[in-house]
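Residue numbers (this note's numbering), protein chains in the order written: chain A, 1 to 743; chain B, 744 to 897. C-beta: ideal position from N, C-alpha, C; glycine also. Owing to the predicted nature of the structure, the values given are computational and were not obtained by experimental measurement. This report concerns only the one structure given below.
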Amino acid sequence: MTFPIRLIFFLCIAGGLFYGTSPALAHNGFPMMGQDTTKLSKQDTASEYQDLDEVVVVDQAAMVKREISNSVALVRQDFIRENRGGSLMKSLERVPGISTIGIGSGASKPLIRGLGFNQVMVVENGVKHEGQQWGADHGLEVDQYAAEQVMIIKGPASFKYGSDAIAGVIDIRDKLPPAEEGVGGSVELGGRSNNGWIGGSANVTARKDNWFVEGRFTLADYGDFNVPVDSVFVYDFGVALHQGDVRNTAGRELDFSGRIGYLGKHFRNALTVSRVRTRSGFFANAHGLEPRQVDAAVHDRSSRDILLPYQEVTHTKVINRASYAAGKQFIQLDLAYQRNDRKEWSQYVNHGYMPPLYPAEMPYPSSQERAFDKHVFSLNLKDEWFLDKHQIMLGASGEYQDNTIGGWGFLIPAFQQYSYGVFAIEKFSVSPLWKLTAALRYDHSRIHVEAYQDWFPSVEHADQAAPSDYLYRSSDFRRDFDSFVWSVGVNFLPGDLSLKGNLGTSFRMPIAKELAANGVNYHYFRYEKGNPDLDPERSLQLDVEAELKKENWQVAFSPFLNYFSNYIYLNPTAELDILYGAGNQVFNYTQAEVLRYGAEFNAVYRFTPQWSAELIGEYVYSEQQSGAKRGYTLPFSPPPSGIVNITYQPLGTESFFSPYFAVDLRATARQANIVPPEKVTEGYQLVHLRAGAKVKVFQQPIQADLQVQNLLNTRYLNHTSFYRLISLPEAGRNISLSLKYEF
Amino acid sequence: MKKNWYILLMALLFSACGDGEKPVIDTEYPEIIVTDSSFPLQCSVLERGSTVQFRALFRDNVELGGFSVDIHHNFDHHTHSTEVNDCEEEPVKAPVNPMLFIQTYQIPSGLNEYEGTAEIDIPEDIDPGDYHFMIRVTDQEGWQTIQGLSIKIE
Chain A
1 MTFPIRLIFF LCIAGGLFYG TSPALAHNGF PMMGQDTTKL SKQDTASEYQ
51 DLDEVVVVDQ AAMVKREISN SVALVRQDFI RENRGGSLMK SLERVPGIST
101 IGIGSGASKP LIRGLGFNQV MVVENGVKHE GQQWGADHGL EVDQYAAEQV
151 MIIKGPASFK YGSDAIAGVI DIRDKLPPAE EGVGGSVELG GRSNNGWIGG
201 SANVTARKDN WFVEGRFTLA DYGDFNVPVD SVFVYDFGVA LHQGDVRNTA
251 GRELDFSGRI GYLGKHFRNA LTVSRVRTRS GFFANAHGLE PRQVDAAVHD
301 RSSRDILLPY QEVTHTKVIN RASYAAGKQF IQLDLAYQRN DRKEWSQYVN
351 HGYMPPLYPA EMPYPSSQER AFDKHVFSLN LKDEWFLDKH QIMLGASGEY
401 QDNTIGGWGF LIPAFQQYSY GVFAIEKFSV SPLWKLTAAL RYDHSRIHVE
451 AYQDWFPSVE HADQAAPSDY LYRSSDFRRD FDSFVWSVGV NFLPGDLSLK
501 GNLGTSFRMP IAKELAANGV NYHYFRYEKG NPDLDPERSL QLDVEAELKK
551 ENWQVAFSPF LNYFSNYIYL NPTAELDILY GAGNQVFNYT QAEVLRYGAE
601 FNAVYRFTPQ WSAELIGEYV YSEQQSGAKR GYTLPFSPPP SGIVNITYQP
651 LGTESFFSPY FAVDLRATAR QANIVPPEKV TEGYQLVHLR AGAKVKVFQQ
701 PIQADLQVQN LLNTRYLNHT SFYRLISLPE AGRNISLSLK YEF
Chain B
744 MKKNWYILLM ALLFSACGDG EKPVIDTEYP EIIVTDSSFP LQCSVLERGS
794 TVQFRALFRD NVELGGFSVD IHHNFDHHTH STEVNDCEEE PVKAPVNPML
844 FIQTYQIPSG LNEYEGTAEI DIPEDIDPGD YHFMIRVTDQ EGWQTIQGLS
894 IKIE
């Protein structure tokens with residue numbers, strides 16, 4: 001990329017600020033997307049920006065943050081590249097307030113300030129990503145190479161995004177359309193030593209007049225991940241690991257996406273089709289928490305093969321975004337279809353009352369434990385007006401989803417669900433220093449849960465079974481939910497200081513699992529019982545953020561205070577159930593009042609143009625205020641943690657430019673604030689190294705990034721890891737290298 | 744909404760003055776204690792056509808909840824055993840009429856130590872071979888401890 005193009009590109013990232021001639025005008029939508037703005041849609045070449053100094057542009061990006069009253073973190077591709085992990089969320093873990101629930105090396109779910117699952121909404125290219133409701137043991141089906149920018153809202157954002165945005169939003173954006181005529185693209189290749197990960201991504205873009213096309217292809221193949229121990233104990237059951245490899249955690253990923261678009265003077269349209277396909281093994285010696293005997297000789301023959309148990313997920317998306325800009329108005333319509341097709345394969349084990357031999361007449365193969373197939377149609381419409389001191393956004397959204405199930409194991413019934421919502425957001429620039437934001441939203445949703453009957457009788461002698469011994473795990477029912485939320489925010493921007501505050505309510509409709517689960521999750525030895533009477537989860541949160549920027553240093557502090565009137569969670573009880581639970585412990589979905597508070601802290605000091613230091617800290621406290629677990633925390637509470645960083649950026653040379661060397665010392669405290677069935681997790685310290693530069697090879701610049709994660713090969717347990725309960729340590733030392741070439 | 748505000752205000756005060764009044768929480772798992780009279784033990788052998796006396800001592804730091812017993816075949820060696828020493832196992836075989844036993848039991852309220860007992864009939868006509876004997880015990884707070892024993896029925 002030549003300098004001016006890169007400049008325009010940065011401008012686009014910083015875009016959303018530009019409307020007319022008032023660069024300070026905030027855009028409440030997606031401030032990182034130039035596409036959203038009327039200015040850029042009218043002025044595609046953006047030649048007038050070419051003279052701008054790059055420093056100014058960077059400041060614009062920072063200004064985006066100052067314009068939103070919520071606590072947000074903006075992450076760009078270069079951050080993801082320099083911190084690349086096995087999955088997108090792992091790559092974002094360094095962001096203060098973000099942690100992950102990891103499973104294996106290729107998948108992880110986001111936790112924002114300690115909340116995750118359905119309390120965090122993931123949005124990809126403007127459309128809510130659907131697919132993560134099923135359980136803790138799978139990740140996010142997103143191609144991390146395609147993610148160009150990520151905006152993380154660390155707080156309730158239901159007023160704009162709807163249900164599920166109760167704890168925060170991870171808003172992922174693909175690359176912007178090419179600004180110049182011609183053909184371009186990039187190739188990225190990478191390797192990771194710990195699990196023998198090899199992979200890469202290639203993309204090509206082309207633009208002619210008002211039309212553009214884009215294609216991307218991503219491939220990854222990895223082996224079992226490696227831990228710095230030679231045995232682990234699943235409960236007390238000792239498992240010897242072959243050379244420290246976590247048996248059968250290998251995986252593969254194959255993604256592609258294509259886009260075609262038209263960029264007119266007023267009208268723009270882009271159609272994107274993408275597919276993410278993964279196949280990944282589960283640790284063979286423990287399916288969930290259930291110890292499994294394995295044929296070690298078969299498993300240890302190769303660290304790259306995927307044997308039972310494993311999962312396969314294919315996520316397909318078709319998104320069409322159309323926008324029209326006229327005068328002071330901007331209208332945008334998103335239409336989307338997505339399908340999440342997930343299958344879990346595992347040997348048949350006759351748990352509970354299941355017959356000892358798998359019946360031949362079953363419609364599924366004996367190795368198909370579970371299957372979930374989700375089809376989602378969604379629509380988002382927004383209409384924005386940019387007036388003198390006011391910016392008004394009116395929006396509506398609708399969604400329909402159909403979910404079917406399969407396999408011999410039952411956890412959640414099939415269901416259909418529709419929802420719609422309307423919202424209005426007003427941004428008022430009182431003065432150049434003061435900005436106010438207010439928002440209102442109404443949502444309605446209906447869920448229809450289908451009945452499910454066991455295929456086996458729950459009696460000790462199957463030959464004496466009566467029809468009533470074939471238990472109904474779920475009855476057919478419908479529920480309607482209504483929700484009304486509001487939010488008010490203020491930004492105060494005196495010079496170098498940025499102060500913001502936001503108070504708002506948020507909501508989340510209960511999901512099928514919470515309403516209707518009625519089966520034994522044998523991998524956790526628990527009988528999960530839904531509660532069809534649950535209310536929509538509601539939360540009230542106060543966010544404050546202060547940021548001070550000086551020439552050589554900057555500090556930011558963002559505390560929050562959050563109250564849930566009815567936090568929905570799976571409560572372990574003292575009961576053991578014989579009929580429905582086959583002797584397992586009863587876990588009830590229940591709601592309780594919850595109080596949470598915490599803060600993130602970030603400080604950067606630049607000693608010289610070459611040397612700088614950074615300090616990052618995060619803390620969350622949660623406490624249940626009512627119900628059976630009064631006084632307890634919430635599951636997966638991240639312990640306090642911090643990072644001390646030193647970065648050295650020497651002057652480059654002609655063929656070796658923008659070099660950097662960075663060392664991160666990460667310290668994580670002990671987590672003794674636990675809730676059944678968790679265990680106290682000891683603190684740990686890790687050292688990570690990062691280095692990189694743009695190197696000229698045959699006159700072509702290649703960006704090279706090297707990382708050494710867990711330099712000292714420390715054995716540690718991560719409190720928010722899926723495998724924590726069986727005390728499986730996290731990955732040992734990992735050296736990863738990635739190369740990127742842009743043309 | 745009024746209540747929400749009040750709680751938020753209270754929360755602010757509390758977070759400013761420290762932890763305030765917090766209920767004492769129990770973070771300890773109940774225990775299954777092996778005593779001289781415990782039965783079965785790892786690698787115990789049960790006889791078909793007999794009645795065996797299950798006996799295990801449960802203990803908790805606060806208050807016990809309930810317990811359950813589950814006997815199922817392990818002819819495929821799927822391993823639920825949580826004991827370290829492995830017993831000698833018979834070759835893998837297909838089940839024909841394996842024994843299945845699942846039962847839950849109450850523990851009288853207010854106890855932090857209890858000896859669980861149960862009489863279990865081992866039918867005459869079941870498949871002999873390797874079995875798992877699972878004992879689950881909970882406490883009032885929902886902590887659960889599982890002991891999986893490998894046993895043999897002859």
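Below-7 Å beta-carbon distance, residue i vs any chain A residue
| i | result |
| --- | --- |
| H820(B) | yes |
| P871(B) | no |
| S893(B) | no |
| P773(B) | no |
| L752(B) | Below a pLDDT of 50, predicted positions are generally treated as unreliable, and L752(B), at 49, falls in that range; the measurement from the model is reported next regardless. Answer no: the Cβ-Cβ gap between L752(B) and chain A never drops below 7 Å. |
| I878(B) | no |
| D813(B) | yes |
| I863(B) | no |
| L784(B) | no |
| P838(B) | yes |
| Q883(B) | yes |
| G792(B) | no |
| P841(B) | yes |
Candidates the options, of which the one nearest residue i by Cα
| i | options | result |
| --- | --- | --- |
| L219(A) | I198(A), V239(A), F225(A) and V213(A) | I198(A) |
| I568(A) | S539(A), G200(A), D174(A) and Q585(A) | S539(A) |
| G97(A) | L689(A), D476(A), S641(A) and L728(A) | S641(A) |
| T249(A) | F267(A), V227(A), A270(A) and L263(A) | V227(A) |
| S474(A) | L497(A), D443(A) and E514(A) | E514(A) |
| E312(A) | V604(A), R279(A) and A603(A) | R279(A) |
| K549(A) | N602(A), R596(A), L92(A) and S257(A) | N602(A) |
| Y589(A) | M354(A), I412(A) and A546(A) | I412(A) |
| M121(A) | G162(A), R113(A) and D143(A) | G162(A) |
| D292(A) | A731(A), F722(A), Y524(A) and N718(A) | For clarity, residue 292(A) is Arg in the given sequence; the question names Asp instead. Comparing Cα positions, the closest option is Y524(A). |
| G583(A) | D813(B), F818(B), D870(B) and V788(B) | D813(B) |
| Y716(A) | V232(A), D482(A), N521(A) and F212(A) | V232(A) |
| L271(A) | V213(A), A297(A), G238(A) and Y222(A) | V213(A) |
Minimum Cβ-Cβ distance from residue i to chain B less than 7 Å
| i | result |
| --- | --- |
| A574(A) | yes |
| P676(A) | yes |
| Y296(A) | It should be pointed out that residue 296(A) corresponds to Ala in this sequence rather than to Tyr. Answer no: the Cβ-Cβ gap between A296(A) and chain B never drops below 7 Å. |
| Q585(A) | yes |
| E460(A) | yes |
| Y632(A) | yes |
| P356(A) | yes |
| I726(A) | no |
Outcome for residue i when other beta-carbon atoms lying within 10 angstroms are tallied against a minimum of 16
| i | result |
| --- | --- |
| G853(B) | exposed |
| W611(A) | exposed |
| P572(A) | buried |
| T100(A) | buried |
| F484(A) | exposed |
| F607(A) | exposed |
| N562(A) | buried |
| H27(A) | In this predicted model, H27(A) has a pLDDT of only 33, less than 50, meaning its place in the structure is not dependable; the value taken from the coordinates is given anyway. Buried, because 16 or more other Cβ atoms sit within 10 Å of the Cβ of H27(A). |
Closer than 6 Å: residue i CB and nearest the ligand NAD heavy atom
| i | result |
| --- | --- |
| E831(B) | You won't find the ligand NAD in this model; it holds no ligand whatsoever. |
Are three or more beta carbon pairs between the stretch 382–392 of chain A and the stretch 352–363 of chain A nearer than 8 Å?
no
Validate contact between the stretch 612–624 of chain A and the stretch 81–88 of chain A using beta carbons, cut 8 Å, 3 pairs:
no
Taking only runs of the beta strand (DSSP E) that begin and end inside the stretch 429–456 of chain A, which ones reach a length of at least 3 residues, in chain order?
434–449
Which residue spans inside the stretch 272–310 of chain A form an unbroken beta strand (DSSP E) run of at least 3?
none
Complete runs of the beta strand (DSSP E) confined to the stretch 130–172 of chain A [at least 3 residues]
149–153
contact_flag[the stretch 480–496 of chain A, the stretch 417–434 of chain A] where n(CB pairs < 8 Å) is 3 or more:
yes
If contact is defined by three or more beta carbon pairs under 8 Å, each pair taking one atom from either stretch, is the stretch 301–310 of chain A in contact with the stretch 262–276 of chain A?
no
Indicate whether the contact test is met: 3 or more Cβ pairs, each with one atom in the stretch 653–661 of chain A and one in the stretch 688–698 of chain A, closer than 8 Å.
yes
Check whether the stretch 325–343 of chain A touches the stretch 369–385 of chain A, taking contact to mean three or more Cβ pairs, one atom from each stretch, closer than 8 Å.
yes
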